[in-house]
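Structure record follows, encoded as structure tokens.
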Amino acid sequence: MSTIKNELLIYNSLSGQKEKFEPIHENKVGMYVCGPTLYSEPHMGNMRTFINFDMIYRCLLKLNYQVKYVRNITDAGHITNSAGDEVDSIGKVARLEQVQSLEIVYKYNVKFQELQRIYNMLPPNIEPTATGHIQEQIETIEKIIENGFAYVVNGSVYFDVKAYSEKFEYGTLSGRVVDELSEETRVLNAQDEKRFFADFALWKKANPEDMQIWRSPWGDGNPGWHIECTAMSTKYLGAHFDIHGGGMDLKFPHHEDEIAQNCGSVGCNPAKYWMHANMLNVNGQKMSKSLGNFFLPKEIVEGTTTVFEKAYSPNIIRFSMMQAHYRSTLDFTADSLDAAEKGFSRLSEAVEKLAVLKTSTTSSISIPDIIQSFYKAMSDDFNAPILLAKIFDAVKYINSVNDGKATITKQDLELLSVEINSFVTDVLGLTMEKLNSDAKLAPVMDLVLDIRKSARENKDWTTSDKIRDGLAIAGIEVKDGKEGTTWN
RNA sequence: GGUCUCAUGGCCGAGUGGCUAGGCACCGGUCUGCAAAACCGUCUACAACAGUUCGAAUCUGUUUGAGACCUCCA
Numbered sequence: 016m017s018t019i020k021n022e023l024l025i026y027n028s029l030s031g032q033k034e035k036f037e038p039i040h041e042n043k044v045g046m047y048v049c050g051p052t053l054y055s056e057p058h059m060g061n062m063r064t065f066i067n068f069d070m071i072y073r074c075l076l077k078l079n080y081q082v083k084y085v086r087n088i089t090d091a092g093h094i095t096n097s098a099g100d101e102v103d104s105i106g107k108v109a110r111l112e113q114v115q116s117l118e119i120v121y122k123y124n125v126k127f128q129e130l131q132r133i134y135n136m137l138p139p140n141i142e143p144t145a146t147g148h149i150q151e152q153i154e155t156i157e158k159i160i161e162n163g164f165a166y167v168v169n170g171s172v173y174f175d176v177k178a179y180s181e182k183f184e185y186g187t188l189s190g191r192v193v194d195e196l197s198e199e200t201r202v203l204n205a206q207d208e209k210r211f212f213a214d215f216a217l218w219k220k221a222n223p224e225d226m227q228i229w230r231s232p233w234g235d236g237n238p239g240w241h242i243e244c245t246a247m248s249t250k251y252l253g254a255h256f257d258i259h260g261g262g263m264d265l266k267f268p269h270h271e272d273e274i275a276q277n278c279g280s281v282g283c284n285p286a287k288y289w290m291h292a293n294m295l296n297v298n299g300q301k302m303s304k305s306l307g308n309f310f311l312p313k314e315i316v317e318g319t320t321t322v323f324e325k326a327y328s329p330n331i332i333r334f335s336m337m338q339a340h341y342r343s344t345l346d347f348t349a350d351s352l353d354a355a356e357k358g359f360s361r362l363s364e365a366v367e368k369l370a371v372l373k374t375s376t377t378s379s380i381s382i383p384d385i386i387q388s389f390y391k392a393m394s395d396d397f398n399a400p401i402l403l404a405k406i407f408d409a410v411k412y413i414n415s416v417n418d419g420k421a422t423i424t425k426q427d428l429e430l431l432s433v434e435i436n437s438f439v440t441d442v443l444g445l446t447m448e449k450l451n452s453d454a455k456l457a458p459v460m461d462l463v464l465d466i467r468k469s470a471r472e473n474k475d476w477t478t479s480d481k482i483r484d485g486l487a488i489a490g491i492e493v494k495d496g497k498e499g500t501t502w503n
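Going by this note's numbering, the first sequence opens with residue 16, and the numbers climb by one from there.
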């Protein structure tokens with residue numbers, strides 16, 4: 016349906032306000048999102064960013080855009096400190112575990128792919144790896160040197176922020192000004208090869224202990240921190256594409272330097288719209304190992320984290336995340352997750368009821384209006400919490416119809432059913448957990464509940480309660496409703 | 001120290017210059033042998049102070065508090 020296509024608004028970090036989304040090529044969207052670095056398992060906070068961009072991707076698809084979604088996989092080590100003397104972060108882990116870098120990368124890639132499935136994330140169209148694009152990175156660096164925005168020192172290449180600032184503006188995304196930066200108290204390290212402290216490495220000469228080394232025109236070494244994103248986004252999406260996303264904490268320096276590299280190599284900002292997803296807190300604080308509120312996305316699903324006393328399904332986690340806007344920080348607490356669990360369950364049950372609702376000749380409310388409100392919420396900077404609120408308005412209506420207090424026509428029911436299912440599963444990425452899904456157990460339960468029914472009819476409460484309590488111990492909850500008994 | 005963001009009812013969280021989301025909990029009700037579940041209803045909040053305005057929680061200023069980034073970070 017949706018004959019009226021809403022105007023899509025996107026908050027652009029570049030301007031700091033919501034802007035009308037106008038794709039560079041009509042009906043097509045190129046989107047690049049910074050993916051994981053494979054030297055450890057992504058934690059829950061990483062997942063929030065990926066899940067949010069998954070939702071955004073799903074929204075764009077729902078709006079019938081033809082989306083090319085690229086999310087990189089960083090499998091080459093990065094420089095790990097400002098002096099640049101620790102180049103290979105993956106190699107560092109590999110040395111600790113006494114295995115090869117590639118083993119580390121493979122191990123965590125498998126885990127990451129598994130997490131994508133567990134959390135029901137759509138795979139991007141392309142997941143390019145840094146190590147698969149060394150040549151492209153070298154070529155990008157060569158272009159930047161040619162353009163006069165980088166210099167070679169002793170086998171390493173640095174981006175020349177001062178030279179760049181004469182032609183472009185450095186710091187437009189993060190609101191930083193080079194003059195301000197220079198007033199900072201930081202001093203150039205005596206051995207530092209950089210001309211200016213804000214300069215950053217594009218290529219770093221190999222250290223003897225590096226486990227991954229590549230050949231380049233400047234000698235053996237490693238690519239710098241940010242160049243892979245520039246090289247790969249340009250290769251797969253072009254010099255200028257629609258959306259570039261990532262976590263809020265990547266804004267500076269990573270994204271700022273990406274802009275500089277792109278301007279320095281091809282003369283323009285890589286993206287028209289920059290989007291940043293906000294952080295996840297746990298019990299009111301940023302996740303950190305030292306605070307004891309750190310856990311992995313798999314642990315919370317399996318109930319093996321010490322931070323929470325019970326397990327929460329991926330759907331509950333996702334639902335909880337969808338109840339907050341992607342640009343706001345979100346706090347995970349036992350209370351908030353318990354609330355999400357119940358809310359999600361209420362939603363699931365209403366969606367199930369859609370299939371068995373009785374229809375009438377009239378509808379009490381306007382179904383197209385409800386559906387329009389879904390689109391409107393989604394089109395307002397991907398406002399998932401409002402979308403859920405509107406869906407819950409529909410849930411209330413579904414329940415009323417189910418109780419015979421409201422009516423719906425067959426045609427409206429079909430429409431509502433299709434759209435609610437679409438928004439819940441396709442857009443929000445929630446999967447409806449089927450109740451009574453165990454094919455073997457179902458006939459057994461029918462039998463047991465039939466016996467209990469007879470007992471109740473004979474007012475044999477001892478037997479009926481024995482059955483109910485026994486099933487409860489087995490983890491099966493009996494629900495005596497108006498129209499018979501159900502279980503789950 | 002610099003740059004910036006945010007402060008919403010018991011909790012999580014949207015949003016808006018006047019019509020004051022949503023989820024969860026609480027309370028009341030319907031249903032029920034009892035209970036649970038389910039459903040319905042109710043609860044009227046926006047840090048403090050001052051200002052602008054016919055009118056602000058929403059705009060401005062000050063104060064207090066929290067957080068982020070400035071170093072790898074989703």
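We treat Cβ as the ideally placed atom computed from N, Cα and C, and that holds for glycine.
| Asked | Found |
| --- | --- |
| Run the CB neighbour count on SER171, radius 10 Å, all protein chains shown included, and call it buried at 16 or more, exposed below. | buried |
| Go ahead and pull the three-state DSSP assignment for LYS304. | coil |
| Could you pull the DSSP bridge partners for PHE347 from this structure? | VAL297 |
| Would you identify the three-state DSSP class for SER437, choosing helix, strand or coil? | helix |
| Mapping the DSSP letters down to three states, classify GLY261 as helix, strand or coil. | strand |
| Assign GLU199 to buried or exposed, taking buried as 16 or more other Cβ atoms, counted over all protein chains shown, within 10 Å of its Cβ. | Summary for GLU199: the model assigns pLDDT 44, below 50, so the residue's position carries little reliability, and this model does not support an answer. |
| Do the CB positions of LEU311 and ILE331 come within less than 8 angstroms of each other? | no |
| Pairing CB atoms from the segment 357-366 with CB atoms from the segment 418-428, are three or more of them under 8 angstroms? | no |
| State the DSSP-derived secondary structure class of ARG191, mapped to helix, strand or coil. | coil |
| Distance check for MET393 and ILE386, CA to CA, integer angstroms please. | 11 angstroms |
| Going along the chain, which residues of its own chain have a beta-carbon closer than 8 angstroms to the beta-carbon of GLN300, five neighbours each way excluded? | LEU306, ASN308 |
| In this structure, what does DSSP give as the bridge partners for GLY499? | GLY496 |
| Excluding five sequence neighbours on each side, which residues of the same chain lie with their C-beta closer than 8 angstroms to the C-beta of PRO42? | Here the sequence assigns Asn to residue 42, which means Pro is not the residue at that position. These residues qualify, in order along the chain: ASN79, TYR80, GLN81. |
| Terminal residues of the continuous beta strand (DSSP E) containing MET136? | Careful: MET136 lies outside any beta strand (DSSP E) and carries neither H nor E. |
| Per DSSP, which one or two residues make a beta bridge with VAL172? | VAL167, TRP218 |
| Applying the criterion that 16 or more other CB atoms from any shown protein chain within 10 Å of the CB defines a buried residue, is GLU243 buried or exposed? | buried |
| Out of curiosity, what's the CA-to-CA distance linking ASN417 and LEU431? | 14 angstroms |
| Below 8 angstroms CB to CB, which residues in the same chain sit around VAL316 once its five sequence neighbours on both sides are set aside? | ILE133, ALA326, TYR327, SER328, PRO329, ILE332 |
| Quick check on ILE488: does DSSP put it in helix, strand or coil? | helix |
| According to DSSP, is TYR185 helix, strand or coil? | coil |
| Quick one: Cα of GLY50 to Cα of ASN124, how far? | 11 angstroms |
| Here's the rule I'm using: 16 or more other beta-carbon atoms within 10 Å means buried, otherwise exposed. How should GLY490 be labelled? | exposed |
| Within the same chain, show all residues whose beta-carbon is closer than 6 angstroms to that of THR144, passing over the 5 residues directly before and after it, in chain order. | ILE88, ASP90 |
| Evaluate THR321 with the Cβ neighbour count: other Cβ atoms within 10 Å of its Cβ, from every protein chain shown; 16 or more gives buried, anything less gives exposed. | exposed |
| Quick check: the Cα distance between ALA349 and ARG342, rounded to an integer number of angstroms? | 22 angstroms |
| Is there contact here, the segment 437-445 with the segment 471-481, by at least three beta-carbon pairs under 8 angstroms? | no |
| Who are the Cβ neighbours of ILE435 in its own chain at under 7 angstroms, not counting the five residues just before and after it? | VAL366, LEU369, ILE406, ALA409 |
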